[in-house]
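Undergrad: Here it is, the structure, as structure tokens.
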Amino acid sequence: MTEVQTLIYVQAAAVAVDLHLDTAQAARVASHMHRTAGMAALLDAFELKVDDEPAEIYCPAPFQPSQP
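Structural data, given as structure tokens:
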């Protein structure tokens, strides 16, 4: 998406969820979103092998029930 398309998307999405953004706010949101999309594209283009990020690395903390 171009920066203009991103701004149009942000404005349309704001209307869809009844979020009132003025012109400056919408421009800032669009700028951040456009930059984030660019960073995501760089990561998406990076070739990873299956063994580069094994799922076994993730280990959730044990569940601690709350005390009464």
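The opening residue of the sequence shown carries number 4 in our numbering; numbering runs sequentially from there. Beta carbons: idealized from backbone N, C-alpha and C, even for Gly. Every value quoted in this text rests on a predicted model; they were computed, and no experiment measured them.
1. Thinking Ala-33 and Val-18 are a contact (beta carbons under 8 Å), I'd like their distance in whole angstroms, please.
2. Cα separation between Asp-54 and Pro-63?
3. Is Leu-45 buried or exposed, if buried means 16 or more other CB atoms sit within 10 Å of its CB?
4. Which whole runs of the beta strand (DSSP E) in the segment 8-43 are 3 residues long or more, in chain order?
5. Tell me the DSSP secondary structure of Glu-59 in three-state form.
6. Specify the secondary structure class of Leu-51 as computed by DSSP and reduced to three states.
7. Would you say Leu-22 and Ala-30 are within 9 Å of each other, going by their C-beta atoms?
TA: Looking at the coordinates:
1. By one-based count along the sequence shown, residue 33 stands at place 30. By one-based count along the sequence shown, residue 18 stands at place 15. 14 Å between Cβ atoms; not a contact.
2. Within the sequence shown, residue 54 is the residue found at index 51, counting from 1. Within the sequence shown, residue 63 is the residue found at index 60, counting from 1. Looking at the two C-alpha atoms, the distance is approximately 20 Å.
3. The residue labelled residue 45 in the question sits at position 42 within the sequence shown. By the neighbour-count rule (16 or more Cβ atoms within 10 Å), Leu-45 is not buried but exposed.
4. Listed in chain order, there is nothing to give.
5. Position 56 of the sequence shown, counted from the first residue, corresponds to residue 59. In the three-state reduction of the DSSP assignment, Glu-59 falls in the helix class, which pools H, G and I.
6. As a first step, residue 51 must be located in the sequence shown, where it is residue number 48. Secondary structure of Leu-51 (DSSP, three-state): coil.
7. For the purposes of this step, residue 22 is taken as the residue at position 19 of the sequence shown. For the purposes of this step, residue 30 is taken as the residue at position 27 of the sequence shown. In this structure, Ala-30 does not lie closer than 9 Å to Leu-22 by Cβ.
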